[in-house]
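In my numbering, the protein residues as written are -13 to 359. For glycine and all other residues, C-beta sits at the position ideal for the given N, C-alpha and C.
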Amino acid sequence: MAKRVYIIAGEASGDLHGANLVRALKAGHPEVEVRAWGGDRMASAGADVVKHIRDLAFMGFSEVVLNLRTILGNIDRCERDIATWRPDAIVLIDYPGFNLRIATYAKKLGIPVVYYISPQVWAWKKGRVKRIRRDVDRMLVILPFEKDWYAEQGIEVEFVGHPLLDAIAQEGERPLGPLPGADGRPVIALLPGSRRQEIGRMLPVMLEAVRTCTDHQVVVAAAPSMPEEVYRDHINGAEVLLLHDRTYDILRHARAALVTSGTATLETALFGVPEVVCYAGGAVNVWLARRLIRVPFISLVNLIMGREVVREMIQDDLRADRIRSELDVLLSDGDPRARMISDLRSLREKLGGPGASMRVADRLWKILSERVR
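Quick look at the structure:
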């Protein structure tokens, strides 16, 4: 009987990493059956996606409270699906509020739990460490400082490298053609996020910041799971190019970028593109965050490097004039731009080389091989 793997990702970045894992696993073991909560990328990689990420991405305390019934219903549906399908292992990708509940349930069923891409417990909600210790059989981390942090908590984890290096290595193998609709001017990339509420907060201020950058072409990277009208409502006649599901192509062309805080800040950095990190949240979420979050930076770039490499425009600092001032510095051929590009090369070296997806697939196959139905 073919081995069965159940993968759960709740966001676009998790879908990307899950897809690379599915490909790596099936490359060596094509008979493996994969059932998933994910998106189009995992489906294309060969997973049977039973719940799409577009229905799962709830951001911040307020939205979680407002959608609590839906979230609890999704957890119940997932548990029932796992009980019916009976996988040989479950792979959880980030998305901790949901996935840690599933880990507890899987533990009761005796199904091995592999957590790939750790929740950011080192930043906030450290109490989740107890649940990880109790319910997770194997923790595979992707940031170099996480291994030492978990060791301080008495948990042995394995650093497997960052899967974005796999995705970006694949991009480098593709010929770089012109962007559809591009007019030859240097490109400023806008990455306003993959969630509706992020886009609503970030895109208008980004557009205002670049409104008079007429010597550059402004390109908005639209998330694959987000309808075009979500962006068009904010673009409202501005002279920008909107491209769906072409983020990596856009970054390969970009001279600089404005990026909403999240995985996209690291993706942008790994392409060597100078960037300004942007973020603003709702009043309740910000109030909570300031009391709970224990790290000095919000961007993965700065956290990994342990110092400010990219400017973070957060909350009250998220103003079009301040963003534009920083962007102008990065667009100019001067020391600040050269220094950031050099720092971004160092960041890439710190993360190691490609191969994370294959390493995770190897660990997972070992667990599957030891599993007896």
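Beta bridge counterpart(s) of residue i as assigned by DSSP
| i | result |
| --- | --- |
| HIS230 | ALA208 |
| HIS38 | GLY24 |
| ALA175 | VAL205, ALA243 |
Reduced DSSP category for residue i - H, G, I as helix; E, B as strand; rest coil
| i | result |
| --- | --- |
| GLU356 | helix |
| TRP351 | helix |
| ARG117 | helix |
| ARG191 | It should be pointed out that residue 191 corresponds to Val in this sequence rather than to Arg. Note: VAL191 maps to helix in three-state DSSP. |
| ILE(-6) | strand |
| GLU225 | coil |
| GLU19 | strand |
| ALA29 | helix |
| THR70 | helix |
| GLU215 | helix |
| LEU151 | helix |
| MET(-13) | coil |
| GLY339 | coil |
| VAL346 | helix |
| ARG197 | coil |
| ALA109 | coil |
| SER(-1) | helix |
| ARG160 | coil |
| ARG181 | coil |
| LYS8 | Sequence inspection shows Val at residue 8; the Lys mentioned does not correspond to that position. Helix. |
| PHE47 | Confidence at PHE47 is low in this model, with a pLDDT of 45, below 50, so its placement is unreliable and no value can be given for it. |
Own chain partners of residue i with C-beta closer than 6 Å, once the 5 adjacent residues on each side are dropped
| i | result |
| --- | --- |
| VAL295 | VAL287, ASN288, ASP329 |
| ALA5 | ARG27, MET28, ALA31 |
| SER343 | ASN6, LEU7, ALA10, PRO149, ASP152 |
| LEU115 | Strictly speaking, residue 115 in this sequence is Val, with Leu absent from that position. VAL107, GLN139, listed in sequence order. |
| TYR101 | LEU78, VAL122, MET125 |
| ASP1 | ALA(-5), GLY24, GLY25, ARG27, MET28, ILE39 |
| PRO190 | HIS220 |
| ALA(-2) | SER180, ALA209 |
| PHE257 | LEU237 |
| ARG367 | Only positions -13 to 359 of the chain appear in the structure, and residue 367 is not among them; the question remains open. |
| PRO164 | none |
| ARG276 | Because ARG276 sits at a pLDDT of 47, beneath the cut-off of 50, its placement in the model cannot be relied upon, and the following sentence gives the value as read from the coordinates. Around ARG276: no qualifying Cβ. |
Contacting residues, own chain, Cβ-Cβ under 7 Å from residue i (five flanking each side not counted)
| i | result |
| --- | --- |
| VAL365 | No statement about residue 365 is possible, as the shown extent of the chain runs from -13 to 359 and does not include it. |
| ASP314 | none |
| ALA92 | ILE68, ILE76, VAL99 |
| VAL18 | ALA(-12), LYS(-11), VAL(-9), LEU11, LYS12 |
Own chain, CB closer than 8 Å to residue i, minus 5 neighbours either side, in chain order
| i | result |
| --- | --- |
| TYR265 | MET188, THR246, SER247, ILE284, GLU298, MET299, ILE300, GLN301, LEU304 |
| GLU132 | SER104, TRP108, VAL143, PHE145 |
| TRP71 | ARG(-10), TYR(-8), ARG21 |
| GLY339 | GLY147, LEU151 |
| ILE309 | VAL191, MET192, ALA195, LEU244, VAL262, CYS264, MET299 |
| TRP135 | TRP108 |
Range covered by the beta strand (DSSP E) that runs through residue i
| i | result |
| --- | --- |
| THR246 | 240 to 246 |
| ALA75 | 75 to 79 |
| VAL127 | 124 to 127 |
| VAL99 | 99 to 102 |
Span of the alpha helix (DSSP H) around residue i
| i | result |
| --- | --- |
| ILE141 | Per DSSP, ILE141 belongs to no alpha helix (DSSP H) and is neither H nor E. |
| PRO82 | 82 to 95 |
| ALA168 | Here ALA168 belongs to no alpha helix (DSSP H), and DSSP marks it neither H nor E. |
*Would you mind listing the beta strand (DSSP E) stretches within the segment 249 to 323 that are 3+ residues and don't spill past its ends, in chain order?*
Within the segment 249 to 323, the runs of beta strand (DSSP E) at least 3 residues long that lie entirely inside it are, in chain order, 261 to 265, 297 to 300.
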